[in-house]
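Data first, discussion second: the structure below is written as structure tokens.
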Amino acid sequence: MDASLRAGVAIYNAGEFHAAHDAWEDHWLDLERDTEDERLLHGLIQFTAVVYHAGDGNWAGMRGLADSAAAYLGGLPNDYRGINVEAVRTYLRAVRDDPEHVERNAPPRLTSRGIVLRPDDLGFEESSVAAVVLAEEFGYDESTFERAVEFARADLKSGDEGSRFITFLMDFVRQPEDRALIAQRLGQHVEKREFRETDVDGLFE
Numbered sequence: 001m002d003a004s005l006r007a008g009v010a011i012y013n014a015g016e017f018h019a020a021h022d023a024w025e026d027h028w029l030d031l032e033r034d035t036e037d038e039r040l041l042h043g044l045i046q047f048t049a050v051v052y053h054a055g056d057g058n059w060a061g062m063r064g065l066a067d068s069a070a071a072y073l074g075g076l077p078n079d080y081r082g083i084n085v086e087a088v089r090t091y092l093r094a095v096r097d098d099p100e101h102v103e104r105n106a107p108p109r110l111t112s113r114g115i116v117l118r119p120d121d122l123g124f125e126e127s128s129v130a131a132v133v134l135a136e137e138f139g140y141d142e143s144t145f146e147r148a149v150e151f152a153r154a155d156l157k158s159g160d161e162g163s164r165f166i167t168f169l170m171d172f173v174r175q176p177e178d179r180a181l182i183a184q185r186l187g188q189h190v191e192k193r194e195f196r197e198t199d200v201d202g203l204f205e
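Position one of the sequence shown corresponds to residue 1 (this note's numbering), numbered consecutively onward.
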């Protein structure tokens, strides 16, 4: 939960509102309904949709979303799981009562334990979630990134903290201007690793 939650917060704060909900959605779908965690993620997903659609001028739709999101977050502590829930609720209620609020007021930044979390603040596990989400968002081969995460975790397990897979995944999240090049080099390393592992399969059977 924490890795997905923090990844989504950082992506949201980087301005990728649509991608942020993807970081939360897969985890949210597996949660039991009406638990505090489920309501948190459900509310945040709808909150990002409100922010994403702020420029559409669909006031009725935005008002409905804001009302629903505020309701999901309604019974949670002000800083549930370290997230500034109260600031989000306040914004949503303002939009519910006056959808044009979005034109006059920027949405709140999301904080994690008081910090406005950004991609540079993420560790490997959170970055691995963010990398796969951003790869899907921008049309890169998602399966290549999922394999890279597998290889990175295997390298970490073997003690290789300097793994190129870890470096590429984290750089992909942190350096948006270089994503195309990073994705290309990551793909090449995935191909090499897959070939190497396939090449030795069955040699000692």
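Built from N, CA and C at the ideal position, the CB exists for glycine as well.
Within the same chain, no Cβ atom closer than 6 Å to the Cβ of isoleucine 115 is found once the five residues on either side in sequence are excluded. The stretch 117-130 and the stretch 93-101 do not touch, with fewer than 3 CB-CB distances between them shorter than 8 Å. One Cα belongs to glutamate 16, the other to valine 9, and the distance between them is close to 10 Å. Contact check between the stretch 136-146 and the stretch 24-41: fewer than three CB pairs, one atom from each, fall below 8 Å, which does not count as touching.
Non-local beta-carbon contacts of serine 163 in its own chain, meaning distances under 6 Å to residues more than five positions away in sequence, involve Ala152 and Asp155 in chain order. Counting only residues of its own chain and dropping the five nearest sequence neighbours on each side, threonine 144 has a CB closer than 6 Å to the CB of Gly187 and Val190. With fewer than 16 other Cβ atoms inside 10 Å of its own Cβ, aspartate 2 counts as exposed.
Judged by DSSP secondary structure, phenylalanine 168 falls within the alpha helix (DSSP H) whose first and last residues are 164-174. Distance from the CA of valine 149 to the CA of phenylalanine 165, rounded to the nearest whole angstrom, comes to 7 Å. Threonine 48 sits in a helix when the DSSP states are folded into three classes. Here glutamine 175 has Ile182 as same chain residues with Cβ atoms under 8 Å from its own Cβ, once five neighbours each way along the sequence are excluded. Straight-line measurement puts the Cα of glutamate 126 at about 28 Å from the Cα of phenylalanine 195.
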